[in-house]
Structure formats: structure tokens, C-alpha cells
Amino acid sequence: MARKLLLENAHIEGIHTYDVYRKNGGYRSVEKALKSMSPEDVVEEVKKSGLRGRGGAGFPTGMKWGFIAKPEGVPRHLLCNADESEPGTFKDRYLMEKIPHLLIEGMIVSSFALGANHSYIYIRGEYMYVLRILETAIAEAYANGWLGKNIMGSGFNLDLSVSPGAGAYICGEETALIESLEGKRGNPRMKPPFPAVRGLWQRPTVVNNVETIAAVVPIVNEGGDAYAQIGIGRSTGTKLISAGGNINKPGVYEIEMNITVEEFIYSDTYCGGIKNGKKLKACVPGGSSVPILPHYLVSKTAAGQDRLMTYESLSDGGFATGSMLGSGGFIVYDEDQCIVRNTWNFTRFYHHESCGQCSPCREGTGWMEKVLHRLENGHGKIEDIDLLWDIQRKIEGNTICPLGDAAAWPVASAIRHFREEFAWHVKEPKACLERNYGLVADRTFETVTA
Amino acid sequence: MKEVGRITAQFPEGMQKSALLRVLHLAQAEFGWLSVPVMDYVARLLHLNPVEVYEVATFYSMYDTKPMGKVKLEVCRTGPCMIEGAERIVKYIEYKLGIKDSETTADGVFTLKTVECLGACGYAPMLQAGEKFHEHLTEAKVDELIEQYKANPVVNYMGM
């Protein structure tokens, strides 16, 4: 039976209330940290745990914490990134809705480690009902002495507030999030300076994902070494995966990072296989931004090894034959799904969400959307495929923030693995409007051109 | 006003601009949409230049700078919802209400909006009305929702 560190108690009736949460061992990590550990000890445990950012980039959390500047007399801030907007991802919403106190507990311990006395949770505006759940839980935490002045007589003060966004994917990028929390448009900042030096209100700031902060709780409770025992290699601990698309059991699953992709898709513990007895066509394993994998690269890597649900294994083969774990937004496509249509849909999303600062992204996403739209609707030309390739290549790496890359990768990978399907849309415009391409592109690995 | 005071108090002295997004949610809930006079009023409340409010109100997709129906049906149209039939749901609502995307019914009750990913990919297709998420939509469920809101066109609006 797989171990759960975050969602173990999620099924308990009333776990969203303080009393039930506390009865089930809640806030133990705060007691332990504030009574018997120094802030440096907590940072050390997180470093030992090998915890990596759960928002998508996978940057080691302990190292990120180590970068925070500590100038005399300047307040520092911890911001929780609850702007979850990556298509395919809904794990943070689930965690906050079910066990809001776990996030609050993580915020307290993490703020203690960083020396932050006022921390904020920035949550996407569409999750306003979750914001209310969090505010209720925060009020309970204040009432029970876990927030406020001199927590448990330790001399540590912490205020915690929740602040909403208002519908902008870009605000999940850490510097855009900071701008937004300052009451401005969500335009990402140039780095350096990094937020660890100059972030919110020009003060040293750390921005961490909801799941990352929640994971600090078991790390402090059980120790960084115990956490690092779970998983494989540099993919330590458990990961929340939001599974959606054409599967029998969509939902949020907590996995130990050592199971195979095959098991995750087909086992009844997780996705329960493809819906309606259909065949797998493709899979996007880490949210819409990561490269799409054709079915023959889902269960096995190009080298023929079993593909695992880990950072390393999912990116095995680079972008030529691999993908990324990303945010854990796992989208499964059956044989009836049209890759061109899906790519057009994602590109429309990125065009809609581009903040407009950098011209390659602002213009390029719009061009790609137009070209994909005409391909999907039977007005495409065969040169359009190379044109798309050219546009995405000119966006990638040429923008201030990673939204440009995120818009380019799905297009690049779709063309890389499903070029014939794009060509079919040009050659058979009538057929493409009437039926889909199915699994015709069932090629052997040798014919794949990187 | 008390709520505005509570929100601004969450930020350090001199950083009241940080309250802007939430105060705009409040204003939109109160007035239905963000007209120029409403935005100017918010600017005065938070001691900002009006343009600082306009630029934020026009950047974020949840703020409406045009009048809206009493009930906004915001249907997610992004990838995972699309493959589970979001387009059919949009078409069905268009047919039921006789309006297109971004239009309002003549009686001013419904506005249909298609929006990008709302984080309900495992429970697709879905729509949001006010704060409420309506998931696993079917045509029958849409019928039910429309009847319900027709009888009582009140949603629990954002920001209250």
C-alpha cells in the first residue's frame, strides 16, 4: 500500500475544521519546530529531504530557501503560490478545500524557517470559495494561538493573510504573482534581481507552491532523511497528481515517486484505465505546457526502460522523446482525440493568457493560434506545419518569463510526434472535419525524427 | 466599507495598493460591473490614480468593464474540458438561451462567457456561476441550472 503524507487524513469527516485536524495530529510540526528546532535546523531538514518545488519547475526547495537575503532590519516574506491555473492541474484546490489547516501549518513552519513575520497566500480569483475556507481556517488558527504574537511562547510572531487574483494564468509565475499582490498588472519582472533578494515591496521573498509548503509538515515531523527514503533518486517523497481526460477514474492521487506510468494509468488504485475500453493515443503528464507523449513513449522510454512517475524518468530522452513531470496535471487522450484540435485549444489558451510584454510571445501565440485554427478547420497549407515549427522556435527562450516556452513546447512536441496527423488535416480537409485521425500514426520508434 | 478596512489592514502601512484586486471584486459584486465611476470611486478609496485602477481592471479576465446579466455562466473551454464535451455544453446553452458567447439575454438575466481553465479538469465539463462550480455537466443538468436561476436569478457573487 502506497504511503500518503499529505492526503492521508483527507477522507476524515470534518478534517477541514480545527478540532478534527488537531485531534488527528495536526500542528505537531509547529510544536516540534518552535520548541526544539532553530530556523536553520528546519532549512537543513528540508535540504536533506530533497524536496523539489511542486509547482512545475522542480527546483530544490531547501536551496531556494538558502538564497533568501537577510539584510538587517528589512522584513522578509513567504508567499504561497495558490494560483493553480495550468490546464490539467487541480491538486492544490483539492488540498486546500479538504485540509486547509495542512497548508496553514506548513506556512507557519516555513515562515519560521525563513524568518518571515507576515506571509501571504495568493490564490486565483476563481477559487473564491476556497479563499473563504482558508480564511475560516486561519481564524481558527489565530483563535487557538498558532498565529499572531509570540506563538506558543516562542517569541515568534506570524500574521497570515489570503489575497485573491482575478483571472490571469501568468500570475502563477513568481514575479508576476508578486506584481499582482502589489496591486498591479501581472507583468513578470526581469531577473535578476531574484525575489530572494528583491521581491514583494522590494523585500526578500520566497514564493512556494501549495503542495511544496504542505510537504514541509511531514518533513519536519518525520525528518528530512525519512522523507528522502521515499521515491527514486532525486525524485524524493510523494507527489500529488491531478488525473483527467479519457480515463475511468479522474481525480487527485498522491503517489510515491517510484511507480510506473503504466501502473498509474491502468491500475484501479489510480486512473483505472482508458474510458469506454478505448486505446491510449497520447498523454500530457505534467500540465498543458509540457511536451505531449505519443502512446509508444508513455509506458516505455525511447531506450526501452519502464517510464516512472518521477522528474527524471518522465524527462528521459529530453524533448525529443521525453516530457516533464511539471505540475502533475496528467491528461490522457484516447484514440478518438484530435491532436491538432487539442494543440489549437492549448495555443488559444496561451494567446489569451500572454501578458503582452514580450513581442515573441504576444504576437507569436496569436499567429500560432490562427495557423492551427485554419489547419483544424480544413483551410491549412502543408507549409503551415513548418511555419508553426518556425514560430514556436522563435518564441522559446526569447521571453522574460517561461510562458513563452510553455506556449512553444506543446506545439513543438505535437509536430514532432504527430506530423502526419497535421499533414492529413491539409490533405484530407473534408475527412478531417468529419472524423478523426485515430491511431493511424502508429509508428515504430525508428521513424521518429527529433 | 468595513470589509475594505479589513482588507487594507492586511498589508503594511503605505502598501494599500495591494488591496486593489480584492476591493475590485467587492465593487463588482456590489455594482454588477466596473464602470468608470465605480473604478474612480475605488481609486479614491485606496488613494490611487484612476489609471492605476483602469489598467488592473482591464488586465484581469474576471473583471467586467461592460454591463453583465444577473447570472454569469462561465463555461471552461480549455483542453481537458474540451475533450469531455465542453463545446457541446456551450452550444447547448447558446441554443437554450438564444445568445452567443459573451452575450446577455434580452431580459438581462443570463450572460454566457467562455473562460480558460478553472481547475476542475477531473470533473469536466464544468461551469462557474458566481462562486459556485457546477461540475460533470450534462444537458439535463444545464436545463436544471437554467430553470433554477430563472426562478431566482441570484448567485453568490465573488467578493461578498
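Sequences listed follow chains A and B, in order.
Numbered according to the numbering used here, the first sequence spans residues 5 to 454.
Numbered according to the numbering used here, the second sequence spans residues 0 to 159.
Think of the CB as a built atom: it goes at the ideal place given N, C-alpha and C, for glycine as much as any other residue.
Find out if the Cβ-Cβ distance for the pair residue i, residue j is shorter than 8 Å.
i                      : j                      : result
residue 80 of chain A  : residue 208 of chain A : yes
residue 411 of chain A : residue 351 of chain A : yes
residue 16 of chain B  : residue 44 of chain B  : no
residue 78 of chain B  : residue 335 of chain A : yes
residue 312 of chain A : residue 160 of chain A : no
residue 128 of chain A : residue 86 of chain A  : yes
residue 95 of chain A  : residue 401 of chain A : no
residue 58 of chain A  : residue 191 of chain A : no
residue 62 of chain A  : residue 318 of chain A : no
residue 96 of chain B  : residue 111 of chain B : yes
residue 61 of chain B  : residue 324 of chain A : no
residue 106 of chain A : residue 216 of chain A : no
residue 42 of chain B  : residue 80 of chain B  : no
residue 255 of chain A : residue 337 of chain A : no
residue 53 of chain A  : residue 242 of chain A : no
residue 7 of chain B   : residue 33 of chain B  : no
residue 14 of chain A  : residue 102 of chain A : yes
residue 187 of chain A : residue 18 of chain B  : yes
residue 105 of chain B : residue 75 of chain B  : no
residue 89 of chain B  : residue 100 of chain B : yes
residue 344 of chain A : residue 302 of chain A : no
residue 162 of chain A : residue 151 of chain A : yes
residue 60 of chain A  : residue 220 of chain A : no
residue 384 of chain A : residue 434 of chain A : no
residue 427 of chain A : residue 396 of chain A : no
residue 20 of chain B  : residue 184 of chain A : yes
residue 387 of chain A : residue 429 of chain A : no
residue 51 of chain A  : residue 224 of chain A : no
Which residue or residues does DSSP assign as beta-bridge partners of residue i?
i                      : result
residue 264 of chain A : A:312
residue 287 of chain A : A:297 and A:336
residue 247 of chain A : A:255 and A:334
residue 84 of chain A  : A:125 and A:212
residue 278 of chain A : A:251
residue 235 of chain A : A:240
residue 74 of chain B  : B:113 and B:126
residue 94 of chain A  : Answer by DSSP bridge pairing: none, since residue 94 of chain A is not bridged.
residue 198 of chain A : Per DSSP, none; premise fails for residue 198 of chain A.
residue 133 of chain B : B:126
residue 304 of chain A : A:310
residue 56 of chain A  : A:64
Please look up how many angstroms separate the CB atoms of residue i and residue j, rounded, as I've assumed it's under 8 Å.
i                      : j                      : result
residue 455 of chain A : residue 82 of chain A  : Because chain A is modelled from 5 through 454, residue 455 of chain A falls outside the range shown and cannot be assessed.
residue 236 of chain A : residue 259 of chain A : Not really, about 12 Å apart at Cβ, beyond 8 Å.
residue 127 of chain B : residue 83 of chain B  : Rounded, the Cβ-Cβ distance is 16 Å, inconsistent with contact.
residue 154 of chain B : residue 91 of chain B  : Contact flag wrong, Cβ pair sits at about 20 Å.
residue 414 of chain A : residue 293 of chain A : 7 Å
residue 34 of chain A  : residue 125 of chain A : About 17 Å separates the two Cβ atoms, so there is no contact after all.
residue 356 of chain A : residue 115 of chain B : 6 Å
residue 147 of chain B : residue 165 of chain A : Going by Cβ atoms, the distance from residue 147 of chain B to residue 165 of chain A rounds to 35 Å, so no, they are not a contact pair.
residue 327 of chain A : residue 295 of chain A : 4 Å
residue 135 of chain B : residue 144 of chain B : Not a contact, Cβ separation roughly 12 Å.
residue 347 of chain A : residue 376 of chain A : 6 Å
residue 152 of chain B : residue 70 of chain B  : 5 Å
residue 407 of chain A : residue 174 of chain A : 6 Å
Three or more C-beta pairs under 8 Å: does that hold for the segment 89 to 99 of chain A against the segment 221 to 237 of chain A? no
>> What ranges does the alpha helix (DSSP H) occupy inside the segment 146 to 196 of chain A, keeping only unbroken runs of at least 4 residues that lie completely in it?
In response: 178 to 185
Fill in: Those runs of the alpha helix (DSSP H) which lie wholly inside the segment 386 to 448 of chain A and span at least 4 residues
387 to 399, 407 to 431 and 433 to 438
| task | Pair every Cβ in the segment 110 to 129 of chain A with every Cβ in the segment 67 to 78 of chain A, then say whether three or more of these pairs are closer than 8 Å. | result | yes
- [ ] Jot down the residue ranges of each uninterrupted beta strand (DSSP E) in the segment 80 to 107 of chain B, minimum 3 residues, whole runs only, in chain order.
- [x] none
Can we say the segment 270 to 288 of chain A touches the segment 368 to 377 of chain A, given the rule of at least three CB pairs closer than 8 Å? no
- Task: Report yes or no: do three or more beta-carbon pairs, one from the segment 56 to 69 of chain B and one from the segment 18 to 33 of chain B, lie closer than 8 Å?
- Result: yes
- Between the segment 16 to 33 of chain A and the segment 140 to 149 of chain A, do at least 3 Cβ pairs fall closer than 8 Å? Contact between the segment 16 to 33 of chain A and the segment 140 to 149 of chain A is present: 3 or more CB-CB pairs across the two stretches fall below 8 Å.
Below 8 Å, can you find three or more Cβ-Cβ pairs linking the segment 42 to 50 of chain A to the segment 257 to 271 of chain A?
no
Review point. What residues from the segment 56 to 88 of chain B come within 7 Å of chain E, judged by C-beta to C-beta, listed N to C?
Key: Chain labels in this structure do not include chain E; the protein chains are A and B.
Segments assigned alpha helix (DSSP H), at least 4 residues, entirely inside the segment 45 to 70 of chain B
49 to 58
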